[in-house]
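Report on the structure given below.
Protein chains: 2
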Amino acid sequence: MRLSRLLRLQAIFYSKHDKWLAASIKHMVGSKPFNLNLYKLALKHASVSDESINGLKISNERLEYLGDAVLGTVVAEFLFLKFPFRDEGFLTETRSRMVNREALNQIAIKIGLSKIIEKEYKGKNLSAHKSIFGDTLEALVGAVYLDRGYYFCKKFILKRIIIHFDVDDIISTTTNFKSKIIEWSQKESKEVDFKMVTVRGNQRFKEFVVELCINGDAIAEGKGATKKKAEQEAAKNACEKLNIAS
Amino acid sequence: MRLSRLLRLQAIFYSKHDKWLAASIKHMVGSKPFNLNLYKLALKHASVSDESINGLKISNERLEYLGDAVLGTVVAEFLFLKFPFRDEGFLTETRSRMVNREALNQIAIKIGLSKIIEKEYKGKNLSAHKSIFGDTLEALVGAVYLDRGYYFCKKFILKRIIIHFDVDDIISTTTNFKSKIIEWSQKESKEVDFKMVTVRGNQRFKEFVVELCINGDAIAEGKGATKKKAEQEAAKNACEKLNIAS
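Keeping their order, the protein sequence lines are chains F and G.
With full-length UniProt numbering applied, the first sequence covers 1 to 246.
With full-length UniProt numbering applied, the second sequence covers 1 to 246.
Structure follows, in structure tokens:
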């Protein structure tokens, strides 16, 4: 028996609220928590938490930082294995489309985390902090990782988080923004032009800054390690600005 | 015995070069490889590799993408445990100062990976691709992760990579670029000014773009989710441009 399991003995002293929380987490994560305090911490979003110890605010931000890294790794491996013939550019882009605040918010609602948060902060206005669900989901991943180790956490992410992604849909809409904007310009009879603004950095680490001009007016800017990446980012920003559906 | 260990039986058929490579990797990683092919792939940097299968270029970029994620997680946890009272901003900043191309290049040289790469690509001019060592180190982490699993890989990173970082030194030089540039301007009797250029994005996800002007001339730009972060980045870029030592 792993030493950490002894922490389960704490369950004897659980309050009524603790019992409810432990049961909810078991339902969500797939197993009872060893160390319930980690999960309690994961629920303390900086925007609503008002506890502090020695002037240090108690919030889930540190767990969120850790969970973000673990989630990134598991999703990275998932895509690596799922797409053996795609290059790393595709994998990186698909991952960032999966692990973003909006998608994580949706999943937090789907797995019932939002319900727990709402119950924890009954009476507080949560709608002002719309990323609270996604942030807390990342913190939860951090808590599961610390509580149960990497492989348990990986299984949790694969079986209970990634399963909610429609990966094929995400891929089919992984947009080439540059062609989007050019398509749009042809339809609207406008002239699109990319202008190099600056190239920063030394010989080894360059950063290109590119402006996208429509009929001569700069409307968006993009940066990147290559000219192509900078143009793609500029096109993406332009699509957002012009409300061109992706 | 894990099934993957059966791969070690391949060692019977190792060529002389394979034997040398397996021994080098054992020396570097701490254990003989199960699947030598993963390590061979990790050594194929896109800039020097010229093999391809069905038009798909064989390179270590996919392994680099995976290794980057695993390395990020292990360093994230290392800092999380080492600094229990620092906030996530500090942890993120320190991590990015540890896991950058330049630092990884240095470590690849220290652990002897550069020697292996040089021997593999004897006769090719590697000096044109200065990030080859750091890139390959990340790919090596990816190979170790796939070959031996997370905990072995974590031990490898902690004992053989992170050990080379002088973390205290990294922290003491975690620079506040904004105060650097203001200090400089006072010494040089110049006027420093931050100008907000644009605020992009919607209500929830904002991006501030700030210009740093010296005597009225914009010399650097910074972006960030808050005005403070954008100013800090602009100051950092300005320090680089003006060669102000950090």
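Cβ coordinates follow ideal geometry from the N, Cα and C atoms, glycine included.
Mapping the DSSP letters down to three states, classify G:Ser52 as helix, strand or coil. strand
For G:Met1, which residues from the same chain have a beta carbon less than 8 Å from its beta carbon, with the 5 sequence-adjacent residues on both sides left out? Here G:Met1 scores only 47 on pLDDT, less than 50, and its place in the model should not be relied on; the value that follows carries that caveat. Excluding residues within five positions, none has a Cβ falling inside 8 Å.
Could you name the residues of chain F that G:Val70 contacts, counting a contact when the two beta carbons are closer than 9 Å? Neighbours of G:Val70 across chain F, judged by C-beta separation under 9 Å: Thr73, Ala76, Glu77.
Alpha carbon to alpha carbon, how far is G:Glu231 from G:Phe177? 9 Å
Ignore the nearest five residues each way along the sequence and tell me which others in F:Ile161's own chain have a CB closer than 7 Å to its CB. Ile107
Measuring only between beta-carbons, confirm whether G:Leu137 sits less than 7 Å from chain F. no
Using a C-beta cutoff of 7 Å, does G:Glu61 count as contacting chain F? yes
Is F:Ile214 closer than 7 Å to F:Lys190 when the C-beta atoms are compared? yes
Which residues in the same chain as F:Met98 place their Cβ atom closer than 7 Å to its Cβ, once the five residues preceding and following it in sequence are excluded? Cβ-Cβ distances below 7 Å link F:Met98 to Val75, Phe165, Ile170 in the same chain, with the five nearest sequence neighbours on each side left out; the list follows chain order.
Between the CA atoms of G:Ser59 and F:Val70 - distance to the nearest angstrom: 25 Å
Quick one: Cα of F:Leu36 to Cα of F:Phe152, how far? 16 Å
Taking 7 Å as the threshold (beta carbon to beta carbon), is F:Phe83 in contact with chain G? no
Pair within 7 Å by beta-carbon distance, F:Asp147 and F:Glu64: no
Between the beta-carbon of G:Ala225 and the beta-carbon of G:Ala234, is there less than 7 Å? no
Secondary structure at F:Glu221, three-state DSSP: helix, strand or coil? strand
Residue nearest to G:Glu183 in terms of C-alpha spacing, selected from G:Arg95, G:Asp168, G:Ile244, G:Lys32: Checked all of G:Arg95, G:Asp168, G:Ile244, G:Lys32; the closest Cα to G:Glu183 is G:Ile244.
Determine the direct distance from the alpha carbon of G:Ala139 to that of G:Thr94, and round the result to whole angstroms. Each residue's Cα considered, the two are about 22 Å apart.
Comparing alpha-carbon positions, which option in F:Phe34, F:Ser179, F:Asn105, F:Asp168 lies nearest F:Leu3? When only C-alpha atoms are compared, the closest one is F:Phe34.
Same chain, Cβ closer than 7 Å to F:Leu113, neighbours up to 5 away in sequence not counted: Met28, Phe133, Thr136, Leu137, Leu140
Along chain F, in chain order, which residues have C-beta atoms closer than 8 Å to that of G:Glu51? Per Cβ cutoff of 8 Å: no residues; G:Glu51 is ~15 Å from chain F at best.
What's the C-alpha gap between G:Thr92 and G:Ser15? 44 Å
Run the CB neighbour count on F:Ala42, radius 10 Å, all protein chains shown included, and call it buried at 16 or more, exposed below. With a 10 Å radius around the Cβ and a threshold of 16 neighbouring Cβ atoms, F:Ala42 comes out buried.
For F:Gly142, collect the residues of the same chain with a Cβ closer than 6 Å to its Cβ; drop the 5 residues on either side in sequence, then sort them by chain order. Leu63, Leu66, Gly67
Start-end ranges of the alpha helix (DSSP H) lying completely within the UniProt domain "RNase III" (22-149) of chain F, minimum 4 residues: Runs found: 36-42, 61-82, 88-98, 101-110, 113-120, 132-148.
Cutoff 8 Å; reference F:Lys241; Cβ partners in own chain excluding five residues on either side: Ile219, Ala220
Kindly indicate if chain G contains any beta-carbon less than 7 Å away from that of F:Leu91. yes
Own chain partners of G:Lys130 with C-beta closer than 8 Å, once the 5 adjacent residues on each side are dropped: Asn105
Going by DSSP in three states, F:Asp193 sits in which element: helix, strand or coil? The answer is strand: DSSP assigns F:Asp193 an E or B state.
Taking the alpha carbon of G:Lys122 as the point to measure from, which residue in G:Val48, G:Lys82, G:Leu38 has its own alpha carbon closest? G:Val48
How many angstroms separate the CA atom of G:Asn238 from the CA atom of G:Ile181? Going by the sequence as given, residue 238 of chain G is Ala instead of Asn. So the alpha carbons of these two residues sit roughly 8 Å apart.
Could you tell me the alpha carbon to alpha carbon distance between F:Tyr150 and F:Lys82, rounded to whole angstroms? 20 Å
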